[in-house]
Amino acid sequence: MESLERLREEFEGLREWVYLNTAAMGIVPRSVAAAANAYYDEAAHRNGDVNQIWRNRTEQTRNSVAALLNVAP
0 MESLERLREE FEGLREWVYL NTAAMGIVPR SVAAAANAYY DEAAHRNGDV
50 NQIWRNRTEQ TRNSVAALLN VAP
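Quick note: the sequence shown, position 2, residue 1 per numbering that gives the first Met the number 0, numbers continuous.
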């Protein structure tokens with residue numbers, strides 16, 4: 000039950016409302032909103048040059064997936 004409560008806490012709107020998915024747009028988990036905000040903050044400090052951000056994120060993702068699968072990146 001505790002894990003369900005932690006999951007519900009990720010969704011700001013679930014504190015006050017019942018959410019019925021419309022398949023058009025959904026409520027965003029806090030962790031996703033935080034990641035998006037971090038990306039935009041980083042992009043703003045690079046004067047809009049996001050290519051290096053994407054290269055770094057791609058490399059981080061490649062390493063994470065390789066570790067998950069126990070293979071070389």
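We put the CB at the ideal spot given by N, CA and C, even for glycine.
Nearest neighbour of residue i, chosen from the options [CA to CA]
{"i": "ARG54", "options": "GLU1, GLU9, ARG7, TYR38", "result": "TYR38"}
Contacting residues, own chain, Cβ-Cβ under 7 Å from residue i (five flanking each side not counted)
{"i": "ALA71", "result": "ALA65"}
Cβ-based neighbour list, residue i, same chain, cut-off 8 Å, excluding 5 preceding and 5 following
{"i": "SER2", "result": "none"}
Beta carbon of residue i nearer than 8 Å to that of residue j
{"i": "THR61", "j": "ILE52", "result": "The sequence given here places Arg at residue 61; Thr does not occur at that position. In this structure, ILE52 does not lie closer than 8 Å to ARG61 by Cβ."}
{"i": "VAL49", "j": "ALA42", "result": "yes"}
Between the segment 1-12 and the segment 23-37, are three or more C-beta pairs nearer than 8 Å?
Verdict: yes, contact present.
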